[in-house]
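Worksheet: one structure, shown below.
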Amino acid sequence: MRLLIECTYVYDHPNDNSGIQRVVRNIVNNLDAVNSDVPCIPVILKNDKVYGVSSLSPSKSSISNLQSWLSHQHARLSRLRHRVWQYQARRERKWPFHDSPFLRVFLGLACRAFSLALALPQKALAQISLRYVDKARANEMEYLPGDVLVLLDSSWHADFFPVAERLKAQGVSIVSVIYDLIPLTHPQFCDDGLVRVFQHWFDWIARTADGFISISQTISDQVRQEAQWRLGRDVAAERWFDYFHLGSELDLINEKAVVRHDVKRMFKNRSVYLMVSTVEPRKNHVYLLDAFDKLWAEGVDVALCIVGKVGWKCEKLIERIKQHPELNRHLFMFNDLSDRELEYCYRNARSLVFPSYVEGFGLPLVEAMQRGLPAMASDIPVFREIGDDAMAYFGLSDPESLCRLVRRFESTGQFPSVAGFADWSWLTWKDSANQLIERVLRHTRESRREDGSVVASHAVIGRS
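Take a look at the structure:
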């Protein structure tokens, strides 16, 4: 038996550094340190084949770097299309478009045409990227009956369902890593296209996977319930469900990198409350601004710094921030911080504030707390699972509950959590990788003992 750890999206987009990409990269880079008697091999699924991956990062040669270039150009076009819709949202609320339905229709048609013109080369780049394999860091490999394919990466947009089904039919077990079920449980926070794609994907993975391992017990319980609802309790009982927790190191820190003067200047002689996440509705930045507007109106001398790339459905929020009277005085926003700069923020801020409506885990919480930065977070189950009594919690129904925590911290100097923050500790990425592999192996072995389906044959079936 071998564990084949799928990392197709991160292989194709090595420069992406958001939540799931950060998890995949850190787990894959720590596989060599895992305490296991079973080989753990990073793989990608492309062109109806399985490729073993020797490196997630492309080399500096022009040929090997083609994948990085494709990913960069695709991302540039995606950002440009996003800016087109941001421009439309801004302009249609202003003169002369605000007063003229005809002009708003004309503006919408023009923006839609421009977006479509960008979409065509974007789709072409995506198709090239989907088929391209950098032979310097990935080579076709054979798979064996008894292997386990662990779908670690974000596979809902993937096109490898047929090859995964073929592997399963030929004796390869499939395990799905679940980060969250937000497109199913909270579709109002997601793009309509993502909701449709995710629905289709979860139907497929519920039927196909032998086991599910989530990134928190909270999500694992949700996955079990969703599988029972879709498959029925008897069929769902044939699957196994578990969870593992994520690590906390920032692996892309370049100690020689320069922290920008604007970042350092923000922390001089002030308490800075830090929010780290993609800017999108689910993260609840509006609540955060409402709370700090109230504090500033009272004369409380604290600053709020928003860190994270601009996401979706946030045009009004971004405009509110850019026109805010406290911008660059008590309100700051950085959309492009390096890991070195992010760690500087973690080390120098007063507290992390994290008002999300719903999360699968909350990676910035453990990144911050592991560096000595206490965290205030919305009172949702997954944050209780992570922070227990070492975090301070506020309700989502009224920003005043967050204001009370900030006032108390500023006036007393004592962080307003139930338990002492000093006793809290968390996993490293090595610990996280060990936890993932150990639990996948244990459940797989138990399942195979129960149904007697251990495949004795070791005939090679991976290559025709």
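Position 420 (the sequence shown) corresponds to 1491 in my numbering; numbering is contiguous. Virtual Cβ for every residue (Gly too), placed ideally from N, Cα, C.
query                                                                                                                                                                                        : result
Hey, Val1109 and Asp1224: beta-carbon distance below 8 Å or not?                                                                                                                             : no
Going by C-alpha distance, which of Gly1382, Trp1166, Glu1077, Arg1152 is nearest Arg1183?                                                                                                   : Arg1152
Report the rounded CA-to-CA distance for Val1294 versus Phe1283, giving the unit in angstroms.                                                                                               : 8 Å
What did DSSP end up calling Asn1419 once you bin it into helix, strand or coil?                                                                                                             : helix
My guess is that Phe1273 and Ser1291 are in contact by the Cβ rule of under 8 Å, so how many angstroms apart are they, rounded?                                                              : Between Ser1291 and Phe1273 the Cβ distance is about 14 Å, and since that is not below 8 Å, they are no contact.
Counting only runs of 4+ residues fully inside the segment 1146-1174, write out the alpha helix (DSSP H) ranges in chain order.                                                              : none
Could you tell me the distance, in whole angstroms, from the CA atom of Ile1091 to the CA atom of Arg1164?                                                                                   : 35 Å
Extract the residue ranges of the alpha helix (DSSP H) inside the segment 1188-1259, only unbroken runs of 4 or more that lie entirely within it.                                            : 1232-1240, 1253-1256
Using only the alpha-carbon positions, how far apart do Gln1288 and Ala1188 sit?                                                                                                             : 44 Å
Compute the Euclidean distance between the alpha carbons of Asn1325 and Arg1411, then round it to the nearest angstrom.                                                                      : 6 Å
Starting from Ile1290, trace the alpha helix (DSSP H) both ways and give me its first and last residue.                                                                                      : 1288-1302
How would you label Val1306, buried or exposed, when you count the other beta carbons within 10 angstroms and need 16 or more for buried?                                                    : exposed
For Gly1370, does the count of other Cβ atoms within 10 angstroms reach 16, so buried, or fall short, so exposed?                                                                            : exposed
Identify, in the order they occur along the chain, each residue of the same chain with its Cβ nearer than 7 Å to the Cβ of Ser1133, setting aside the five sequence neighbours on each side. : Low confidence applies here, because Ser1133 scores a pLDDT of 43, under 50, leaving its location unreliable; read the following figure in that light. Hits under 7 Å: none found.
Looking only at its chain, what residues have a beta carbon closer than 8 Å to the beta carbon of Asn1100, apart from the 5 residues adjacent to it on each side?                            : Leu1127, Asp1322, Trp1500
Quick one, are the C-beta atoms of Ser1342 and Pro1435 less than 8 Å apart?                                                                                                                  : no
Here's the rule I'm using: 16 or more other beta-carbon atoms within 10 Å means buried, otherwise exposed. How should Gln1394 be labelled?                                                   : exposed
How would you label Ala1362, buried or exposed, when you count the other beta carbons within 10 angstroms and need 16 or more for buried?                                                    : buried
Reducing DSSP to helix, strand and coil, say where Val1109 ends up.                                                                                                                          : coil
Checking the sheet assignment: what are the DSSP bridge partners for Asp1313?                                                                                                                : Ile1284
Do you know offhand how far Ile1286's Cα is from Asp1170's?                                                                                                                                  : 49 Å
CA-CA distance, Gln1485 and Ile1457?                                                                                                                                                         : 21 Å
Taking the alpha carbon of Lys1327 as the point to measure from, which residue in Ala1461, Ser1409, Cys1474, Ile1115 has its own alpha carbon closest?                                       : Ser1409
Rounding to the nearest angstrom, what Cα-Cα distance links Glu1061 and Arg1475 in this structure?                                                                                           : Any question about residue 1061 goes unanswered here, given that the chain covers just 1072 to 1535.
For Val1381, which residues of its own chain have a beta-carbon under 7 Å away from its beta-carbon, when the five flanking residues on both sides are left out?                             : Val1350, Ile1389, Asn1406
Measure from the alpha carbon of Arg1353 to the alpha carbon of each residue in Asp1262, Asp1372, Gly1318, Asp1205, then state which is nearest.                                             : Asp1262
Return the first residue and the last residue of the alpha helix (DSSP H) that Glu1077 is part of.                                                                                           : No alpha helix (DSSP H) holds Glu1077; the beta strand (DSSP E) holding it covers 1074-1077.
Since Asp1251 and Glu1438 should fall inside the 8 Å C-beta cutoff, what is the C-beta to C-beta distance between them, to a whole number of angstroms?                                      : Not quite, the Cβ-Cβ distance comes to about 18 Å (not below 8 Å), so this is no contact.
Considering just the uninterrupted stretch of the beta strand (DSSP E) at Cys1376, what are its terminal residues?                                                                           : 1373-1378
With a cut-off of 8 Å on the beta carbons, I'd call Val1511 and Val1219 a contact; round off their distance for me.                                                                          : 7 Å
Quick check on Gly1264: does DSSP put it in helix, strand or coil?                                                                                                                           : helix
Please classify Trp1300 as buried or exposed, where buried requires at least 16 other C-beta atoms within 10 Å of its C-beta.                                                                : exposed
Tell me whether Phe1052 is buried or exposed, calling it buried when 16 or more other Cβ atoms sit within 10 Å of its Cβ.                                                                    : Residue 1052 falls outside the range modelled here, since the chain spans only 1072 to 1535, and no answer is possible.
Answer yes or no: does any C-beta atom of chain B fall closer than 8 Å to that of Tyr1358?                                                                                                   : No chain B is part of this structure, which consists of one protein chain only.
Keeping to the same chain, check which residues put their C-beta closer than 6 Å to that of Pro1254; ignore five residues upstream and five downstream.                                      : Cys1261, Leu1265, Val1266, Phe1269
Going by DSSP in three states, Phe1273 sits in which element: helix, strand or coil?                                                                                                         : helix
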